[in-house]
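Using my numbering, read the sequence shown as starting at 330 and increasing by one per residue.
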Amino acid sequence: MTATPSLLDVKDIRKAYGAIRAVDGVSFSVRPGEIVGVIGPNGSGKTTLFNSILGQIRPTSGSVEFSGEDITGMSPLELARRGIGRTFQTLQVFGGLSVRDNLIAAAQEFSGTMPGRLFAKPDAGLGQRADEMIELFRLKHVAHLPAGSLSYGQQKLIDIAMAFMAAPRLVLLDEPCAGVNPGLVDQLRELLVQLNRTQGGSFVVIEHNMGFIMRLCPHVICMVEGKVLAEGKPAAVQSNPAVLEAYLGN
Ligand SMILES: Nc1ncnc2c1ncn2[C@@H]1O[C@H](COP(=O)(O)OP(=O)(O)OP(=O)(O)O)[C@@H](O)[C@H]1O
Ligand SMILES: [Mg+2]
């Protein structure tokens with residue numbers, strides 16, 4: 330029996346800022362359709378790892394492969410065209426645009442060449458996708474309101490829906506639950522499960538909300554001081570003595 334080929338292969342990524350080893354030799358893989366959780370105390374290198382994978386910063390060393398192609402150091406635009414999306418720890422929503430226009434703008438950013446975008450009909454095909462996302466994320470009643478007028482939790486949902494506009498094969502989410510009330514956290518988890526099942530996308534999710542991670546992710550990585558301290562089934566990682574000590578120590 331042959332093993333399923335990886336969708337994402339992160340190999341020995343390192344990123345130093347002077348004497349700080351923000352990411353210190355991290356390797357992991359994501360298979361098609363898999364949901365991987367990344368936990369770890371504040372400052373353990375989770376966001377820096379994402380930024381190194383996603384072309385926001387250039388890693389000091391190491392490589393990243395997507396579907397067998399070396400994508401190390403590619404720009405976010407090149408990655409988006411290959412089917413890789415992300416959400417940031419902070420909101421990326423345009424407050425003055427309507428919810429629907431935010432979704433359309435997010436997809437337009439990544440569709441085609443600059444002349445193509447300039448001369449294409451502004452809404453070609455994307456309106457339908459935006460309406461699907463609005464339905465799925467239960468944002469219909471606010472779809473035509475300026476995004477900036479909505480609650481933080483609702484804006485967080487818009488931000489996540491934006492990442493799914495281009496039907497990505499892989500999405501990296503940095504703290505999707507931060508600042509979101511418990512009811513919406515549950516809704517968000519159900520949405521991600523649904524997107525995973527119906528669209529086959531793979532996710533890597535950074536979160537401090539343990540309940541969310543434990544219920545969403547069959548596989549969890551715990552980072553401490555730039556390194557992977559433990560990896561495996563969520564319950565095993567959560568009860569690992571070294572993991573518990575790392576959290577208590579912080
Ligand atoms: N641009 C930078 N310049 C210098 N140091 C940085 C820079 N970015 C991150 N660091 C340092 O790298 C380490 C890892 O930071 P990072 O933001 O990746 O942690 P994190 O695990 O995402 O934390 P949190 O859970 O608080 O979001 C920290 O010590 C941080 O101060
Ligand atoms: Mg972070």
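Glycine included, C-beta positions come from ideal geometry on N, C-alpha and C.
Limits of the unbroken alpha helix (DSSP H) element including residue i
i, result
"Met-462", "455-465"
"Pro-570", "570-577"
Contact test: residue i Cβ vs ligand 1 heavy atom, cutoff 6 Å
i, result
"Ala-351", "yes"
"Ser-373", "yes"
"Tyr-346", "yes"
"Thr-401", "no"
Residue i Cβ short of 6 Å to ligand 2 heavy atom set
i, result
"Thr-376", "yes"
"Gln-385", "no"
"Gln-483", "no"
"Gln-421", "no"
"Gln-418", "yes"
Strand pairing of residue i, partner residues [DSSP]
i, result
"Pro-475", "Ser-427"
"Thr-350", "The identity of residue 350 in the sequence shown is Arg, whereas the question assumes Thr. DSSP output for Arg-350 lists Ala-345 as bridge partner(s)."
"Val-566", "DSSP output for Val-566 lists no bridge partner at all."
"Ser-358", "Asp-338"
Extent of the continuous beta strand (DSSP E) to which residue i belongs
i, result
"Leu-337", "337-346"
Q) Taking one C-beta from the segment 466-476 and one from the segment 383-402 each time, how about it: are there three or more such pairs within less than 8 Å? A) no
Q: Please determine if the segment 333-341 and the segment 386-400 are in contact, where contact requires at least 3 C-beta pairs separated by less than 8 Å.
A: yes
Q. Do the segment 543-551 and the segment 339-348 touch if we need at least three Cβ pairs shorter than 8 Å?
A. no
Q) Can you list the alpha helix (DSSP H) stretches of 4 or more residues lying completely in the segment 362-426, in chain order? A) 375-382 and 405-410
Q) What runs of the beta strand (DSSP E), each 3 residues or longer, lie entirely inside the segment 478-564? A) 499-503, 531-535, 548-553 and 556-561
Q. Taking three-plus beta-carbon pairs below 8 Å as touching, is the segment 469-489 in contact with the segment 420-432?
A. yes
Q: Check whether the segment 366-383 touches the segment 457-465, taking contact to mean three or more Cβ pairs, one atom from each stretch, closer than 8 Å.
A: no
Q. If we count Cβ pairs, one from each stretch, closer than 8 Å, do we get three or more for the segment 559-567 versus the segment 527-538?
A. no
Q. Is the segment 498-512 close to the segment 429-436, with three or more CB pairs under 8 Å?
A. no
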